[in-house]
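Numbering (numbering that gives the first Met the number 0), first residue to last: 0 to 155.
The C-beta atom is built at its ideal place from N, Cα and C for all residues, glycine as well.
Heads up: the structure comes next, in structure tokens.
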Amino acid sequence: MNDSAPDKVTSRRGFFQLAFGWLAAIFAATASAAGAVRFLVPNVLFEPDQRFKAGKPDDYLDGAVTFLDDERVFIVRKGNTFRCLSAICTHLGCTVNRAGQGFHCPCHGSVFDDQGVVKSGPAPRPLDWFSVSLSKDNRLLVDKGRRVTDDKYLVI
Ligand code: FES
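Here it is as structure tokens:
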């Protein structure tokens with residue numbers, strides 16, 4: 000008469016084992032499917048726009064090399080020509096300072112001439128020059144995403 004009690008317990012245990020087994024299988028299948036779907040989506044970094052307006056040309060004195068600390072660049076004006084030089088050291092990325100006619104990196108001592116060419120130090124290559132153009136509202140428009148050679152000027 001009392002023989003059905005152990006069967007009920009066994010049956011309940013069996014039910015929970017079966018239920019947990021199915022839950023584990025469903026969880027594993029869902030995780031695998033999510034991983035497969037994620038694999039199909041490329042890892043793309045959407046970087047912010049590298050262009051910025053650097054003010055009016057008349058904001059810069061003739062012959063001046065002006066540091067814009069927010070953008071870590073130098074605006075170089077000679078007469079009616081404008082260029083933009085990166086202030087990011089090509090060694091490990093410190094900000095270079097204006098030193099005499101060139102630039103000096105305070106981190107490991109690289110020295111660059113006024114064209115950004117390495118004169119000494121561990122920097123492996125010259126400083127970068129960036130494209131400068133004139134926006135529709137007559138502001139200097141620097142594009143740090145476009146490197147140019149050191150002989151490219153904006154002439155106004
Ligand atoms: S970061 Fe400029 S010399 Fe090392």
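Shortest gap from the CB of A122 to any heavy atom of the ligand FES: under 7 Å. The segment 113 to 132 makes contact with the segment 81 to 98, as at least three CB pairs between them are under 8 Å. Within the DSSP bridge table, the entry for C93 names no partner. Here the alpha carbon of V147 sits roughly 40 Å from the alpha carbon of V36. Of the residues V141, G62 and S132, the one whose Cα lies closest to the Cα of D113 is G62.
Residue pairing from DSSP places T65 in a beta bridge opposite I74. By the Cβ-count criterion, G115 is buried, with 16 or more other Cβ atoms from all chains shown falling within 10 Å of its own Cβ.
Under DSSP, G101 shares a beta bridge with A98. Taking 7 Å as the cut-off, the C-beta of H107 counts as close to a heavy atom of the ligand FES.
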